[in-house]
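Input: a single structure, listed below in structure tokens.
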């Protein structure tokens, strides 16, 4: 589990780096800025819908996002606690997928009662289901659990803002989305915060290794003294 020491510069850098990465993700989400490399073909662009007309939707959506992020944070922390007591990633992932399948099946049967909707066709729909099950669940949960066990929950959580920046640039490359200045500025901010957290994490790992080495040396030095005292 992660430990925060306000007197340690490494802990302060981790906190500041996390806040910087989150601010970069908010920059990409909330600020677009001027388009880069876009060619305007319409002399009279369509008016942008007023944000105030959908204020209720924004509030509800924001509350759902905050709740989802809170649940993910709790879920990640619980995984770290479980792996500390029972260090078996594959066993934990197997139980996650098993109970997730049971819960999803119950909810799906209640929400969709049309039997025709459950018929699978050998097309892109079946491929999407298999891909979501294998990559979206098993592989993702397995890699996440392995990273949590090796580096801790903070190391895993810090990749979330990086995923937002990556999605923005992949949308430009593969989907033809327009690249805005806000995406570039936000990506730079995210990378700066991400580097700070990773640097502090590596320094903490080095510090813990040095402490463990010193403890082993002190124990090895005390062992001959105890043996000589017992023989005397």
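Residue numbers (UniProt numbering): 1 to 232. Glycine included, every Cβ here is placed at the ideal spot set by N, Cα and C.
Spell out the partners DSSP gives residue i in its beta bridges.
{"i": "residue 36", "result": "179"}
How many angstroms separate the CA atom of residue i from the CA atom of residue j?
{"i": "residue 210", "j": "residue 83", "result": "24 Å"}
{"i": "residue 17", "j": "residue 139", "result": "28 Å"}
{"i": "residue 14", "j": "residue 112", "result": "45 Å"}
{"i": "residue 145", "j": "residue 115", "result": "36 Å"}
{"i": "residue 19", "j": "residue 26", "result": "11 Å"}
{"i": "residue 90", "j": "residue 201", "result": "25 Å"}
{"i": "residue 236", "j": "residue 94", "result": "The chain is shown only over 1 to 232; residue 236 falls outside these bounds and no answer can be derived."}
{"i": "residue 218", "j": "residue 142", "result": "38 Å"}
{"i": "residue 208", "j": "residue 216", "result": "12 Å"}
{"i": "residue 58", "j": "residue 64", "result": "10 Å"}
{"i": "residue 185", "j": "residue 121", "result": "44 Å"}
{"i": "residue 31", "j": "residue 213", "result": "48 Å"}
{"i": "residue 183", "j": "residue 172", "result": "11 Å"}
{"i": "residue 50", "j": "residue 135", "result": "Confidence at residue 50 is low in this model, with a pLDDT of 48, below 50, so the placement of that residue should be treated as unreliable; the coordinate-derived value is given next. Straight-line Cα distance between these residues: approximately 39 Å."}
{"i": "residue 256", "j": "residue 175", "result": "The structure shown has nothing for residue 256, since the chain only spans 1 to 232."}
{"i": "residue 150", "j": "residue 12", "result": "22 Å"}
{"i": "residue 87", "j": "residue 131", "result": "27 Å"}
{"i": "residue 104", "j": "residue 92", "result": "18 Å"}
{"i": "residue 117", "j": "residue 126", "result": "13 Å"}
{"i": "residue 81", "j": "residue 205", "result": "19 Å"}
{"i": "residue 109", "j": "residue 196", "result": "46 Å"}
{"i": "residue 156", "j": "residue 106", "result": "30 Å"}
{"i": "residue 242", "j": "residue 133", "result": "No answer is possible for residue 242: it lies beyond the span of the chain, which begins at 1 and ends at 232."}
{"i": "residue 167", "j": "residue 56", "result": "27 Å"}
{"i": "residue 60", "j": "residue 163", "result": "23 Å"}
{"i": "residue 71", "j": "residue 177", "result": "31 Å"}
{"i": "residue 85", "j": "residue 119", "result": "42 Å"}
Do the CB positions of residue i and residue j come within less than 8 Å of each other?
{"i": "residue 7", "j": "residue 203", "result": "no"}
{"i": "residue 236", "j": "residue 28", "result": "Residue 236 is absent from the model: the chain starts at 1 and stops at 232."}
{"i": "residue 165", "j": "residue 190", "result": "yes"}
{"i": "residue 153", "j": "residue 67", "result": "no"}
{"i": "residue 79", "j": "residue 124", "result": "no"}
{"i": "residue 181", "j": "residue 24", "result": "no"}
{"i": "residue 99", "j": "residue 158", "result": "no"}
{"i": "residue 161", "j": "residue 73", "result": "no"}
{"i": "residue 179", "j": "residue 36", "result": "yes"}
{"i": "residue 137", "j": "residue 97", "result": "yes"}
With a threshold of 8 Å between beta carbons, is residue i in contact with chain B?
{"i": "residue 138", "result": "Protein chain content of the structure displayed is limited to a single chain, and chain B is not contained in it."}
What did DSSP end up calling residue i once you bin it into helix, strand or coil?
{"i": "residue 218", "result": "helix"}
{"i": "residue 108", "result": "helix"}
{"i": "residue 121", "result": "coil"}
{"i": "residue 11", "result": "helix"}
{"i": "residue 44", "result": "Bear in mind that a pLDDT of 45 at residue 44, under 50, signals an unreliable position, so the number given afterwards is only what the model happens to contain. It is coil, neither helix nor strand."}
In chain order, what are the residue ranges of uninterrupted alpha helix (DSSP H) at least 4 long that sit wholly in the UniProt domain "EamA" (60 to 198)? Within the UniProt domain "EamA" (60 to 198), the alpha helix (DSSP H) runs of at least 4 residues that lie entirely inside it are, in chain order, 89 to 111, 124 to 131, 140 to 151, 153 to 157, 159 to 174.
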